[in-house]
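Here the structure is laid out as structure tokens; the discussion comes afterwards.
There are 4 protein chains.
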Amino acid sequence: MEYGDLIRRAEANLKDKNILKSYVMNEGTLLREGAETNFVARFNSRYFDRFGFKFRMIDSQEASTEITLYGKKFATPFLSGALSGLTDVAEKPLVKVATGVKESGSMMWLGIVSADQQREVLATGVPTIRIVKPYQDPEMMLKELKEAEEAGAMAVGTDIDFFYGGKRGDRLFAPKAMGPKTSQETRKLVEATQLPFIFKGVLGVEDARKALEIGARGIVVSNHAGIVIDYAAHPLEVLPEIKEVIGDRMPIFVDGGFRRGSDVMKALALGADAVLAGWLLVMGLAANGSEGVSEIINIVTAELRRIMSVTGCKNLSEINQTVLVKRDYGI
Amino acid sequence: MEYGDLIRRAEANLKDKNILKSYVMNEGTLLREGAETNFVARFNSRYFDRFGFKFRMIDSQEASTEITLYGKKFATPFLSGALSGLTDVAEKPLVKVATGVKESGSMMWLGIVSADQQREVLATGVPTIRIVKPYQDPEMMLKELKEAEEAGAMAVGTDIDFFYGGKRGDRLFAPKAMGPKTSQETRKLVEATQLPFIFKGVLGVEDARKALEIGARGIVVSNHAGIVIDYAAHPLEVLPEIKEVIGDRMPIFVDGGFRRGSDVMKALALGADAVLAGWLLVMGLAANGSEGVSEIINIVTAELRRIMSVTGCKNLSEINQTVLVKRDYGI
Amino acid sequence: MEYGDLIRRAEANLKDKNILKSYVMNEGTLLREGAETNFVARFNSRYFDRFGFKFRMIDSQEASTEITLYGKKFATPFLSGALSGLTDVAEKPLVKVATGVKESGSMMWLGIVSADQQREVLATGVPTIRIVKPYQDPEMMLKELKEAEEAGAMAVGTDIDFFYGGKRGDRLFAPKAMGPKTSQETRKLVEATQLPFIFKGVLGVEDARKALEIGARGIVVSNHAGIVIDYAAHPLEVLPEIKEVIGDRMPIFVDGGFRRGSDVMKALALGADAVLAGWLLVMGLAANGSEGVSEIINIVTAELRRIMSVTGCKNLSEINQTVLVKRDYGI
Amino acid sequence: MEYGDLIRRAEANLKDKNILKSYVMNEGTLLREGAETNFVARFNSRYFDRFGFKFRMIDSQEASTEITLYGKKFATPFLSGALSGLTDVAEKPLVKVATGVKESGSMMWLGIVSADQQREVLATGVPTIRIVKPYQDPEMMLKELKEAEEAGAMAVGTDIDFFYGGKRGDRLFAPKAMGPKTSQETRKLVEATQLPFIFKGVLGVEDARKALEIGARGIVVSNHAGIVIDYAAHPLEVLPEIKEVIGDRMPIFVDGGFRRGSDVMKALALGADAVLAGWLLVMGLAANGSEGVSEIINIVTAELRRIMSVTGCKNLSEINQTVLVKRDYGI
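Protein chains in written order, with my numbering: chain A, 1043 to 1373; chain B, 1043 to 1373; chain C, 1043 to 1373; chain D, 1043 to 1373.
This is how it looks when you write it as structure tokens:
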């Protein structure tokens, strides 16, 4: 199926079921509901409009989207978001996503899952990164990190932007069980595992610098789809200064309203190594199960490859800000 | 009740009554009507969209919103506006607001009130600042300042932005009884009371500097909800340069279309010490009397606290412009 | 009547008649139709949104809007546009406008009029400036300049922006009879009269400089309501650099979508000495004849006076850019 | 017919037929459908709003729009786009366009055509540039270049932005037969013909510089109406830096959403020598056959001439950025 058909089919299917409770319709689009006025969810995808692409055609060639992360090769830098739940969308949703992700040569990220669910996902053979919630109780975190390690995750991490739980509209959730961590506390987590440890939910240069010092092997620049605080910056607003601090010392992942290959290209041009997508893979899942997931990843990857080719970037490492025009005015 | 529920209930209740005469509906929102084209009222809340927040999670902690003003501790920097009238909203409206404000550990500001109303409000025990109108006749001002002092106000002041009265649409009001004052005339007012004296309605660096020289102990940066002149600047447009002149020599209050904790955070980041809200407390009052007022203050304070925590500000004094991204383009 | 009532009554009256042929409705507003896509007419009044006002209240006083131009005192810098025709709006329209303008202590400008019409207007005693069209035939211009001088005009001029006639939508008008002029040709016109000679339709610093060299005693910065070319700049976009060249060596007039006192204040702050209004006076005329014209001028002048007072400008010469905040982003 | 009438008649006629398959309606306008979200097609014509014009009236004169390109004189710098197909609009569409183009003293560009079609077009006597597709097989290109040379084309070229074919919505077309070329491969094409060789689809300074080095005698700065990639920059966003590199060493053509003389003037002011229009000539063809084409070119040329006159540019070589005001904010 084509992109538009997949989205339309997903929305039709979701209307037949109890539509996802954490999503709202905005200007005809199904958006995840963010905190308070929901500004972030509305702003996230519009932010991409500030950037256009130049061409570099002569001497260009069909680009490769391959990427090596933590010693493994992937076919695409377009990865799954750290998914949880989704049982209202499909049966065994995470296994289906994992199957589609594997099929596309991409990487799976997991959020809140039981040990059983995690095992099932990893049994598909998909390379997986597990993000553990920042529970007040460090023992709970250590237990889950260990489970992930034992189940065969390729890397682990925690979403530091969930220190104070999340908010949808006016409703807080999980604020009690979560809690903020010091540098020292997070260092203990990093040191508790042999696996690369990733800090998810960095949205400022200070946390990026601290993560590096603490021993992180990756960060995810994210506003968590607006559920942390209303008016959280768009990740691309802070990405360039984070890239300047981090350089090539660890991979920088990014998420936040990514819909198309052009969005992915913009993030890569501004300093990201790879992009995570939650909403879009859920749409793929809702449209057509594991095959829909795979189709979406393949389509977005093909869109990215085409833009890379057209802008004269033979591979991901050749992408930088020179491919962009920046628009410092309202669109 | 949650924020959205309170606002909806307030609007429903206000429709049942004779809706507040000085308010108009704009894009589904009840706005105070400002001068002429009403640009200020439409622009006031939209201005906040230019700012987003970065995160500073690692080493953050649950923030404190406590503030000490004029030797008294308050639970929140989110204070009542200088209220007057409101008898079309509730019986004994100012006492109800005062009760709610006190309950929330906030501060009450009074505008046009009789000596009796003032006594009733102060009898609730809420710390109160009384703003006296800038009458042409200085004796009237001195009389009201004295009444406020005797009734137990913690501070007094005058709204210098009402020198020429106000305007709603094409209708001037109170232009006769009011009149402009010189530095010397205002100095006499400042010297006539033992209480801290506050200049309300500063919207430019010259008046801020003069207020300081004259002996002011605080200023309110304000465009008076647009009733002074059409196209009055948004307070946040002039706040940074005022802060630069005033420094920490006296508290800087600000008002102007504040709706949520995120708005308050932006003002504090740009140099304000505390924020005044009129419209929002009237909504609380209309929704649920003194309890509604208290609920609104508590909700906005909790929103602020959450954003402070997420941005790594342990207390109000740690908030500054580094938490913001600024958007120099149309939103 | 109040401003809004006058406009509404004017629009109702114009609908009863054959509505003015050169006007179109745009977003509920009656606009003069400009060239091609009509961008100028839509943009003209929106441009004012880029500017807000600061307050300077302390030591301010009720402002004076008086202005002396060419040795005569006027009560207001808000003057009539150079009017022509209007017989579809009222009988003896120019005499009615003149009567209203005189009543308000303002200045009358005339465009295309017969010698008889000019005499009738000047018979009202209103100080009048006559703008003669830039005919291909210089003799026609000299004849009309002489008529104006004899009829008692206080100054004369020509609209250099009509060298190539005008355009409404896709229709050119008067392109044949008009023609471009050299510096030398215009110098002859200037020298042919004892009266101050004004260049109307300057929209760039080159023409302003040439006008000064040629002996002009005034210029009108204007985009002629969009009828010269589509996408003509807004006069306020070029006014500051023109003011820098001209300084105080001759009065700078400006027109272009002026509706309210706040618009006038912005032009004065950016370097204009006085403002011309066509559309608005036509609305006054349509609403209430000469009295409506006078009412409109008085209202706009009162709005201006109020903003001057609030911004601490005691008279017109004290107005400058420091009263403005400039918004470099979409509104 | 006037401009608006021609467009309306074209749209009516196209609705009677099977409307052009590659066009979509957007906000009441018929737009060519671009890649993916179609951002380019929506953005292309809006980009012109960022620029306004100043006047330079004194000493101006009726301008000449004449231009000499490759040794031939043309009446206008407003040229046809490189057209293909259009058999759903009219019978013998390219001959009709050619006839209209010739009538107006403009230049014809051809895209995908058979040898027969090319002969028919050239038989009209219209000076023609032939753009050959960048086939994977260089022999196919050489064959078509030779055919063009033999048929009497004045210049040839290839659209380098079609190396990877095109995309409408989610549908790729012609991706197989096309292929990217190196500098060396394109140099061979340039050297294979005696005619001036033009690189069409330059959208960045690198390709412009390479084209010059390879021996190009002209470039077309273009985003190909959005069919190459979504979010391709507007040609005017990159034109100034390309002009800086190329200078006067070869003509710079530009296309991208041009509708009116004002759009053309902006491109010329930013460094273009001439403008290509596809959509607009198709509208002329649909409205009134070859006569409609001629009418459209004449109207746009007249609009351009008028703006040149008003801005004091006597001929095309006098046009530069000083005629523009640039708006760095949302419109």
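Beta carbons: idealized from backbone N, C-alpha and C, even for Gly.
Nearest residue (CA-CA) to residue i, options the options
i	options	result
GLY1123 of chain B	B:ALA1344, B:THR1235, B:THR1129 and B:LEU1323	B:LEU1323
GLU1192 of chain D	D:VAL1352, D:GLN1160 and D:TYR1089	D:GLN1160
LEU1152 of chain B	B:ARG1229, B:ILE1049 and B:ALA1319	B:ALA1319
ASP1101 of chain C	B:GLU1162, B:LYS1057 and B:GLU1248	B:GLU1248
GLN997 of chain D	D:LEU1281, D:ARG1302, D:ASN1340 and D:LEU1327	Nothing about residue 997 of chain D can be reported from this structure: the residues present for chain D run from 1043 to 1373 only.
VAL1244 of chain A	A:LEU1237, A:ILE1256, A:ILE1261 and A:PRO1238	A:ILE1261
LYS1285 of chain B	B:VAL1137, B:ALA1250, B:ARG1210 and B:THR1224	B:ALA1250
THR1235 of chain C	C:ILE1338, C:ASN1080, C:VAL1174 and C:VAL1287	C:VAL1174
VAL1020 of chain C	C:LYS1308, C:ARG1259, C:ARG1369 and C:ALA1054	This structure cannot settle anything about residue 1020 of chain C, because the visible part of chain C is limited to 1043 through 1373.
ARG1172 of chain B	B:SER1359, B:LYS1242 and B:PHE1097	B:LYS1242
PRO1169 of chain A	A:ALA1190, A:LEU1310 and A:ASN1357	A:ALA1190
ALA1077 of chain D	D:GLU1104, D:PHE1215 and D:ILE1049	D:PHE1215
ILE1288 of chain D	D:VAL1306, D:SER1156 and D:GLY1313	D:GLY1313
VAL1163 of chain C	C:PRO1176, C:PHE1239, C:SER1146 and C:ALA1195	C:ALA1195
LEU1048 of chain B	B:ALA1329, B:LEU1237 and B:MET1149	B:ALA1329
GLU1075 of chain A	A:ALA1311, A:HIS1276, A:GLY1268 and A:LYS1356	A:GLY1268
ALA1052 of chain B	B:MET1150, B:ALA1132, B:GLY1211 and B:VAL1155	B:ALA1132
ARG1301 of chain A	A:ASP1290, A:GLY1147 and A:GLY1326	A:GLY1326
MET1150 of chain C	C:SER1336, C:SER1225 and C:LYS1368	C:SER1336
GLY1167 of chain B	B:LYS1308, B:LYS1144, B:GLY1207 and B:TYR1089	B:LYS1144
VAL1082 of chain D	D:HIS1266, D:LYS1368 and D:ASP1315	D:HIS1266
Inter-residue Cα distance where the pair is residue i and residue j
i	j	result
PRO1222 of chain A	LEU1128 of chain A	27 Å
THR1343 of chain B	SER1106 of chain B	10 Å
SER1304 of chain C	THR1200 of chain B	26 Å
GLU1186 of chain C	GLU1108 of chain D	37 Å
ASP1203 of chain B	VAL1352 of chain C	8 Å
GLY1334 of chain A	ILE1271 of chain A	31 Å
PHE1205 of chain D	MET1099 of chain A	7 Å
GLY1142 of chain A	GLU1044 of chain D	57 Å
ASP1130 of chain B	LEU1056 of chain B	9 Å
PRO1293 of chain A	LYS1252 of chain A	15 Å
LEU1366 of chain D	ILE1240 of chain D	29 Å
SER1332 of chain A	VAL1139 of chain A	5 Å
GLY1094 of chain D	PRO1277 of chain D	18 Å
Extent of the continuous beta strand (DSSP E) to which residue i belongs
i	result
PHE1374 of chain D	With chain D covering 1043 to 1373 only, the question about residue 1374 of chain D has no answer from this structure.
PHE1090 of chain A	PHE1090 of chain A -> no beta strand (DSSP E), and no H or E assigned at all.
LEU1111 of chain D	1109-1111
ARG1098 of chain C	No beta strand (DSSP E) contains ARG1098 of chain C, which DSSP labels as neither H nor E.
GLY1208 of chain D	1208-1210
Where the alpha helix (DSSP H) through residue i begins and ends
i	result
LEU1366 of chain D	Note, LEU1366 of chain D: premise wrong, no alpha helix (DSSP H); beta strand (DSSP E) at 1366-1368.
VAL1143 of chain D	1135-1145
PHE1215 of chain D	No alpha helix (DSSP H) holds PHE1215 of chain D; the beta strand (DSSP E) holding it covers 1213-1215.
VAL1232 of chain A	1225-1233
Beta carbon proximity, residue i to chain E, threshold 7 Å
i	result
TYR1177 of chain C	Looking at the structure shown, chain E is missing, and the protein chains on hand are A, B, C and D.
### Task
Run through the region 1305-1331 of chain B for me and flag every whole beta strand (DSSP E) of 3 or more residues, listed as ranges in chain order.
You should have 1316-1319.
### Message
Taking contact to mean 3 or more Cβ pairs, one atom from each stretch, closer than 8 Å, check whether the region 1107-1122 of chain D and the region 1341-1359 of chain D are in contact.
### Response
yes
### Query
Which residue spans inside the region 1154-1201 of chain C form an unbroken alpha helix (DSSP H) run of at least 4?
1157-1165 and 1180-1193
### Query
Curious, which full-length beta strand (DSSP E) runs of at least 3 residues does the region 1236-1280 of chain B contain?
1239-1244 and 1260-1263
### Query
Using 8 Å as the threshold, is the region 1179-1187 of chain A in touch with the region 1226-1237 of chain A, meaning 3 or more CB pairs across them?
Touching, yes.
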